[in-house]
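Since the structure comes first, as structure tokens, the remarks are kept for the end.
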Amino acid sequence: MSTRHVAAAARTALSARGFRPDLATLGRSVAAEVARREVLVDTVLPARWPDLARAWRQTTGPLAERLPAMLALGERHARLLHRIAGGTADDDPTDPSAPTDPSAPTDTSAPTDTSAPTDDDSTGTSDSTDTSDTSDPSDSVADDGPSDPSDRTDSVATDVGLLGGLFNATIATIDTVGDAGDGRLLAALTPEALSTLLDGGTGRIATLDGFRRRAYDHPSARVAVELMAAWTALAGRLLARYRNEPAWVLLRGTLHSLLKAQRTVTGAAAGTGPQVPGLLAAARLKSAGPSTAIAQMVALARRPGDPPPELLYRAARRLGTVFCLADDLADLVDDARAGRPNVHLLWARPGGGRLSDPAVYATIDRAAAELGEVVRPTGGPDDEFAAELVARWLRWDDHQRNPAPPVLLADGDDRAARAAVTRLLADRAAGHPGARHALTLPVGRVGAERTETHSDLLFARAVALDALVDAYDAGLPVGPDVLCAEAIQLLLAKHPGVRGGWNYLGSLPELPPDTDDLAQVMQVLARLGGRPLAAACDEAVRVALDGGDGTGAVPTWIVDRRRGSALDLAMARFVEVVGGGGVHPEVVANLLVALSRTDPVRYARVIASGARYLAGAQRADGSWASAWYAGPYYGTFRAASVLAAVPGWPEQCARARDFLVARQRPDGGWDGSKSRDGADGRGSEGRDGDAGERASLATAFGVLGLCALDPVGCRDAIAAGADWLRVAQQPDGGWPAGRWIEFPTRDGTVSYRSPTATTAFCLQALLAAARAGGTPVGPR
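The sequence shown begins at 1000 in our numbering and counts up by one.
Written out as structure tokens, the structure is:
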């Protein structure tokens, strides 16, 4: 499982809870922040902290990429909290939505006044007793603050912002050094050393010099020391200027708590600290606490007698929680592999151990539920920043979708489609009773079997979701939260014990995963989240393809014979008992559709060889047999959809088209009767009774097949089929449930009718017919 896939799953889980960031605003904010990074690194740091700038330039690798972002992000964080606390209303240089001051200079990259004193301890300037204005001229804005000329508001806003940025970069650097396994810096940063740094005076200078000597040849350690020198000097300046001792006491306490939490977490990651019950609390404080510290730094710029900034601390706690939850969610995979404490993993596996894929998805879903509550808009000034943090950490710019072509529905199609959507959504709200299939199967060893009844709804649920995605793309009233919630349920249904993906009955663990379930799940994941979300299926696809012979004939059962675990062997024995082994054209076709939707370039060779297999499996009359489904039309629709999309099979496509056209009834429908010997039963007609039930599914598959094969040449036949479906639709918006899944067993034929699947396929047929003969419109 990859970090990119975890982010995609987290985006899906958050979208299921209604979280949808404004990507245009996000793009503007990120662009402005990137520009601000350049100003900070190229102009501000060299002018105010030359030693820090020199150490900064020596950093390499991930830290060199991460530090500018953490510096600029911390500055934005502090400036936002400063405004919330009632500070200056000057422009945030990285906030494109902030009001502009016409009197403020617009060139933030203006040359710095090099004659201004700096905050670098090596220059001889004093630290906590320095009350001079040393703000960076490139940050200056109009003065609208107190009358005291030494207390200019542009200096306060600038210093508060830089203090937050420097502190945020310090935390990031200490984390990086610790993650690299070098504990010397943190070992030297004892509570006593931290107190000395905060006390100022000669003791602070001596402590910093000691740290510099310990920084040895580690560029990250050197920049950490210079960052600590810079922000402690800046914090001391604010204390000397405003004399807010209560805020200073609070800040000192928070910093000591953060240090304790950092040491606890780092010790646990290195295996040198106890796995104490308080580790989860320490990990949470380590990630969320810096926001509170930045708020207390902001409070240093307030007079001691000012009212307590409750709104400030409330916003800081909220943003800290967002930082904690989003950052650890984004780092879930890396932290699991490195053995680092992670708040989500500590909750999911307090005793340690490996998580199964469904357990990981459950962890992601739980984290998204908490995060979704935290970022729910409150109307406060921190709403936009909180949402942006989530979108950035979870890589919302990587969100992908594979929408169906848009279509303008005629009145009749629109009414019928809306009614079908209402029916499917009502079924979902009731727990999908129309998708549940109960099966009685033999279990145990050959010769000593017993029967058990199990039920599940995975496959029909995925079919219904596919239809709802079609409806959403057509502009019908389906919420994206519904689609994403269903996708999460599919992820949670993945088999926890083997690599093969999904099995038809989740309550029967020895039932092997199968290629048909894998394909159906993969299709909807690819449509909703593109390649990153469909990566949930990657390992299962590899195992499924390994079971084939390279000719495109992929077996239906996915049995991982290479790994050979006890459960894998039990699954292999189960196939011997239940039967159904081998390769089946309708299953192979469904898999090829999934691979085409997910990554047609990556799977090009598999798709080509699979198409050759399907072409060879076509029957003389132009249809395809189905091992698991009733009638000739499901398999024909699936196989024809593949060959129509793969160049080189015009003859096979023409025969399939002719088969479907020849078997369309005069009233526009198709008859779905079929005996197990393969007879197509063209004799029954009508919309009522068992023949009508069979005809609903058969007509849906006939329309879908012609739409894939020849939407222009078969427009009249497609329109006639769609007309039949509209007339056959029931008052509740559904269609009579026809025989869909059907296969022989030693105890007789299993036949299953799904109202949900029937309605889903009929809805898809109506939309496909409208798309074939309708007027395209712009994307949703």
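Every residue gets a Cβ at the ideal spot worked out from N, C-alpha and C, and that includes glycine.
Integer Cβ distance of residue i from residue j, believed to fall under 8 Å
i            : j            : result
residue 1473 : residue 1406 : 6 Å
residue 1457 : residue 1499 : 14 Å between Cβ atoms; not a contact.
residue 1168 : residue 1070 : 5 Å
residue 1185 : residue 1262 : 6 Å
residue 1663 : residue 1720 : 7 Å
residue 1387 : residue 1025 : 6 Å
residue 1441 : residue 1450 : 6 Å
residue 1780 : residue 1591 : This structure cannot settle anything about residue 1780, because the visible part of the chain is limited to 1000 through 1779.
residue 1753 : residue 1436 : 7 Å
Length of the line joining the Cα atoms of residue i and residue j
i            : j            : result
residue 1738 : residue 1698 : 13 Å
residue 1527 : residue 1242 : 55 Å
residue 1034 : residue 1165 : 17 Å
residue 1502 : residue 1454 : 12 Å
residue 1335 : residue 1377 : 34 Å
residue 1467 : residue 1770 : 16 Å
residue 1072 : residue 1308 : 22 Å
residue 1525 : residue 1392 : 22 Å
residue 1593 : residue 1418 : 28 Å
residue 1656 : residue 1621 : 8 Å
residue 1416 : residue 1766 : 8 Å
residue 1616 : residue 1278 : 59 Å
residue 1706 : residue 1696 : 15 Å
residue 1734 : residue 1347 : 43 Å
residue 1475 : residue 1031 : 37 Å
residue 1138 : residue 1191 : Confidence in residue 1138 is poor, its pLDDT being 33 and thus under 50, which makes the residue's placement unreliable; the coordinate value appears in the next sentence. Going from the Cα of residue 1138 to the Cα of residue 1191 covers about 35 Å.
residue 1255 : residue 1302 : 24 Å
residue 1748 : residue 1579 : 13 Å
residue 1665 : residue 1718 : 13 Å
residue 1602 : residue 1544 : 11 Å
Closest by C-alpha distance to residue i, when choosing among the options
i            : options                   : result
residue 1366 : 1733, 1014 and 1197       : 1014
residue 1338 : 1322, 1621 and 1266       : 1266
residue 1751 : 1590, 1625 and 1434       : 1434
residue 1426 : 1731, 1000 and 1744       : 1731
residue 1564 : 1511, 1578 and 1577       : 1511
residue 1536 : 1597, 1209 and 1747       : 1597
residue 1327 : 1758, 1696, 1005 and 1762 : 1005
residue 1373 : 1395, 1354, 1314 and 1356 : 1314
residue 1358 : 1753, 1008, 1757 and 1729 : 1008
residue 1154 : 1300, 1650, 1420 and 1469 : 1300
residue 1001 : 1755, 1557 and 1538       : 1538
residue 1172 : 1055, 1728, 1758 and 1599 : 1055
residue 1375 : 1019, 1768 and 1772       : 1019
residue 1076 : 1599, 1651, 1384 and 1757 : 1384
residue 1428 : 1343, 1463, 1412 and 1399 : 1463
residue 1183 : 1209, 1205 and 1199       : 1209
residue 1708 : 1652, 1742 and 1741       : 1652
residue 1235 : 1519, 1248 and 1224       : 1248
residue 1625 : 1714, 1740 and 1612       : 1740
residue 1371 : 1011, 1053 and 1636       : 1011
Same chain, Cβ closer than 6 Å to residue i, five either side skipped, listed in chain order
i            : result
residue 1555 : 1513, 1514, 1583 and 1586
residue 973  : Absent from the structure is residue 973, since the part of the chain shown begins at 1000 and ends at 1779.
residue 1480 : 1015 and 1017
residue 1668 : 1694, 1698 and 1723
residue 1551 : 1608, 1609, 1611 and 1612
residue 1648 : 1614 and 1642
7 Å Cβ shell around residue i - same chain, five flanking residues per side excluded
i            : result
residue 1547 : 1553 and 1554
residue 1270 : The predicted position of residue 1270 is uncertain, since its pLDDT is 48 and thus under 50; no value can be drawn from it.
residue 1202 : 1195
residue 1125 : Unreliable positioning characterises residue 1125 in this predicted model, as indicated by a pLDDT of 35, which lies under 50. A coordinate reading is not provided.
residue 1120 : Low per-residue confidence applies at residue 1120: pLDDT is 49, beneath 50, and the placement is therefore not dependable, though the value from the model is reported in the following sentence. Around residue 1120: 1126, 1204, 1207, 1228 and 1232.
residue 1682 : Summary for residue 1682: the model assigns pLDDT 39, below 50, so the residue's position carries little reliability; its value from the coordinates is reported in the next sentence. Taken in chain order, the list of residues that qualify is empty.
residue 1343 : 1327, 1328, 1331, 1362 and 1366
Cutoff 8 Å; reference residue i; Cβ partners in own chain excluding five residues on either side
i            : result
residue 1566 : 1496, 1497, 1508 and 1509
residue 1688 : Bear in mind that the predicted position of residue 1688 carries a pLDDT of just 43, short of 50, making it unreliable; the figure below should be weighed with that in mind. Closer than 8 Å at Cβ, skipping near neighbours: no residue.
residue 1081 : 1087, 1155, 1156, 1159, 1160, 1297 and 1300
Report yes or no: do the region 1350-1364 and the region 1478-1494 share at least 3 C-beta pairs separated by less than 8 Å? yes
At a cut of 8 Å, does the region 1043-1061 reach the region 1213-1233 through at least three beta carbon pairs? yes
Would you call the region 1046-1053 and the region 1222-1232 touching, i.e. three or more CB-CB distances under 8 Å? With a cut-off of 8 Å, the region 1222-1232 and the region 1046-1053 count as touching, because enough Cβ pairs lie within range.
Mind the definition here: the region 1289-1298 touches the region 1310-1320 only if three or more C-beta pairs lie below 8 Å; say whether that holds. The region 1289-1298 is in contact with the region 1310-1320.
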